[in-house]
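Enquirer: The structure that follows is given in the form of structure tokens.
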Amino acid sequence: MTLIQTVITDDLIIQVADRRLSRPDGSLFDDNYTKLVSWNTSFAVGFTGLARIDPTQKKSTSEWLAETLCDYASFEDGVQALRYWASGKVSQLPNRRGWEDKRLGIIVAGFDHRGVPLVAEISNFQVGAPLPVHPEEFACYQIRRQATHRTAYRITGAPLTGRWQANILLRRVPRILKQPDGITRAVRLMVALQRKIAGDNPGVGSDALAVVIPRVRSTPVVMSDLDAPTLNTVNSNFCYFDGAGYDYTQLGPHMAGGGWAWADFIGEADPLNPDNQKISMRLLKCPQPPPS
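Numbering (my numbering), first residue to last: 2 to 293.
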């Protein structure tokens, strides 16, 4: 099962997810699947569980997330829409062999005009519990940090396997964030933690996508650096960490906002001339024109 790490501070949201899809028997199906969505450039949205959310298995869950969220401007409206429509989608799935596992967990984290971290999880299962008896019933949880901690974290999907792993997210990551180039180093540590867990859990992949949402953003766009795998605390931005090493290619999250939704964001730079760059993406949804 997917591993999504979400670190929450008063000034920053970091979300890191692997890119692996596994079959019900645990075998590898796809190691290059996007599980994160950037919503309104203000929130990072990740999911674990059902990779396809229609009976014909043609609609990917990540694309459905982008298409659903793009029509909503507020955090509360988007979260409630996900809860409502997820319930409807899962209730339409067949009850037959191959569809026993209908677990789906979605986490939304970021900042809006209120300037405080907003984090919610929509899920029809509890980690470590048996498969849900009524998978169409989704609960919504508000995630907040404890008053005694300046940082909080949330693990969605595959569980941590030791207290030392929790301490990395709760203690080491916040300390690194205070250091020079701390954001890139902190995310690299989270990716290293993911890869450590992947060594013991074949359902977790080694490739990772990270999305960073600062509380204060200088421009209303989502950015990335095609010259190197780096991140910043100035803009909403992302970075792809390939287990085989960096090759001037960035894979981005799906994008949603203002009635628009895009998928398959790919940025590439020429290694011999990094200023020679190209970007491609696929349109999922556009605003409906007003009735004539």
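Glycine is no exception: its CB is placed at the ideal position from the N, C-alpha and C atoms.
#1: On a CA-only basis, which of S63, D12, Q58 is nearest T3? Give me that one, please.
#2: May I have the straight-line CA-CA distance separating G183 from V223, to the nearest angstrom?
#3: Curious, which full-length alpha helix (DSSP H) runs of at least 4 residues does the segment 101-188 contain?
#4: Under 6 angstroms Cβ to Cβ from Q143, same chain only, skipping five residues before and after it: list those, please.
#5: What is the DSSP secondary structure of G50, reduced to helix, strand or coil?
#6: Below 6 angstroms, is the gap between the Cβ of A187 and the nearest heavy atom of the ligand NAD?
#7: Where DSSP assigns a beta bridge to S39, which residues make up the other side?
#8: Does DSSP put A18 in a helix, in a strand, or in coil?
#9: In the DSSP assignment, find the unbroken beta strand (DSSP E) run with Y247 in it and report its ends.
#10: Would a C-beta distance cut-off of 7 angstroms place G89 and P203 closer than the cut-off?
#11: Leaving out five residues before and five after D243 in sequence, what residues of the same chain have Cβ atoms less than 8 angstroms from its Cβ?
#12: Mind checking who C287 pairs with in its DSSP beta bridge?
#13: Quick one: what's got a C-beta closer than 7 angstroms to Q93's C-beta in the same chain, skipping five residues either side?
#14: What residue range does the beta strand (DSSP E) around T220 cover?
Expert: In short:
#1: Within the sequence shown, residue 3 is the residue found at index 2, counting from 1. Ranking S63, D12, Q58 by Cα distance to T3 puts S63 first.
#2: One-based indexing of the sequence shown puts residue 183 at position 182. One-based indexing of the sequence shown puts residue 223 at position 222. The alpha-carbon atoms of G183 and V223 are separated by roughly 20 angstroms.
#3: Here the runs fully enclosed are 164-168, 174-178.
#4: If you number the sequence shown from 1, residue 143 lands on position 142. Correct list, in chain order: A121.
#5: For the purposes of this step, residue 50 is taken as the residue at position 49 of the sequence shown. Residue state for G50 is assigned as strand, using DSSP reduced to three classes.
#6: Absence of the ligand NAD is noted for the structure shown, with no ligands found whatsoever.
#7: For the purposes of this step, residue 39 is identified with residue 38 of the sequence shown, where counting begins at 1. In the DSSP output, where bridge partners are listed per residue, S39 has A45, M256.
#8: What you label residue 18 is simply residue 17 of the sequence shown in a count that begins at 1. Assignment of A18 by DSSP, reduced to helix, strand and coil, places it in the strand class.
#9: The residue you call residue 247 lines up with position 246 of the sequence shown. Counting along the chain, Y247 sits inside no beta strand (DSSP E), nor does DSSP assign it H or E at all.
#10: Your numbering for residue 89 matches position 88 in the sequence shown. Your numbering for residue 203 matches position 202 in the sequence shown. Not in contact: G89 and P203 (Cβ atoms no closer than 7 angstroms).
#11: One-based indexing of the sequence shown puts residue 243 at position 242. Only D208, T250 meet the Cβ criterion.
#12: Within the sequence shown, the letter at position 286 stands for residue 287. BP columns for C287 are empty, so no partner.
#13: Taking the sequence shown and counting its residues from 1, one reaches residue 93 at position 92. For Q93, same chain residues with a beta-carbon under 7 angstroms away, outside a window of 5 residues either side, are P56 in chain order.
#14: Counting from one through the sequence shown, the residue named residue 220 turns up at place 219. Unbroken run through T220: none, as it is neither H nor E.
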